[in-house]
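Take any residue in the sequence shown, note its place counting from 1, add 40, and you have its number in the working numbering. Note that CB positions come from ideal geometry on N, CA and C, so glycine has one too. Remember, it's a predicted structure, so these values are computed and weren't measured experimentally. Have a look at the structure below before the remarks.
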Amino acid sequence: YEGDARLVAATCGGVRIVSVYVPNGREVDSDHYVRKLAWLDQLRVWLETTASPDDPLAVLGDFNVAPTDADVWDRSAFDGQTHVTEPERAALAALRDAPRRCVVTGGNGLVGARLVTALLERVEALDIMPRDKKIVEADE
41 YEGDARLVAA
51 TCGGVRIVSV
61 YVPNGREVDS
71 DHYVRKLAWL
81 DQLRVWLETT
91 ASPDDPLAVL
101 GDFNVAPTDA
111 DVWDRSAFDG
121 QTHVTEPERA
131 ALAALRDAPR
141 RCVVTGGNGL
151 VGARLVTALL
161 ERVEALDIMP
171 RDKKIVEADE
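Take a look at the structure:
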């Protein structure tokens, strides 16, 4: 995916925000699927090398992975398809479970204000910044 615009990052109010657009994968075991898994692994490596566990960091965006069966409208409709395979879910879990990292994934229509609310709740729960400090200043 060289040359693709799949990641943008910025530091806002002291929190590093990384927005990603993970490749779709198209079909299980296709070259696109293999590249998707490699991309997720490279994202994990990049995050590990560019941020310490003590850095306030949130990763969000379009992951093209349903973290759980509850995140798809009908699990049986996805049998043999991408987005629900164990390798994809394991790669997402490796990102999400890193120390003091906030990875917000969409599911069941989590967008807009609900996404921001989930991010703020997760950042507060991680206790990675003072409660009286705004995460994003209006002019940033």
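Check whether the Cβ atoms of residue i and residue j lie closer than 9 Å to each other.
i	j	result
Leu-80	Val-62	yes
Relative to the C-alpha of residue i, which candidate in the options has its C-alpha closest?
i	options	result
Ala-138	Val-55, Leu-97 and Val-74	Leu-97
Thr-51	Gln-121, Thr-90 and Ala-134	Thr-90
Arg-75	Ser-116, Pro-127 and Arg-136	Pro-127
Quick check: the Cα distance between residue i and residue j, rounded to an integer number of angstroms?
i	j	result
Pro-93	Asp-69	33 Å
Glu-67	Val-112	17 Å
Ala-78	Gly-53	31 Å
Arg-56	Ala-49	7 Å
Phe-236	Glu-88	Residue numbering for the chain in the displayed model covers 41 to 180; residue 236 lies beyond these limits and cannot be assessed.
Gly-101	Val-143	9 Å
Leu-47	Gln-82	12 Å
Is residue i buried or exposed, if buried means 16 or more other CB atoms sit within 10 Å of its CB?
i	result
Val-85	exposed
Val-60	buried
Thr-108	exposed
Val-58	buried
Ala-131	buried
May I ask you to list the residues that DSSP assigns as paired with residue i?
i	result
Ser-59	Val-48 and Leu-100
Val-143	Val-99
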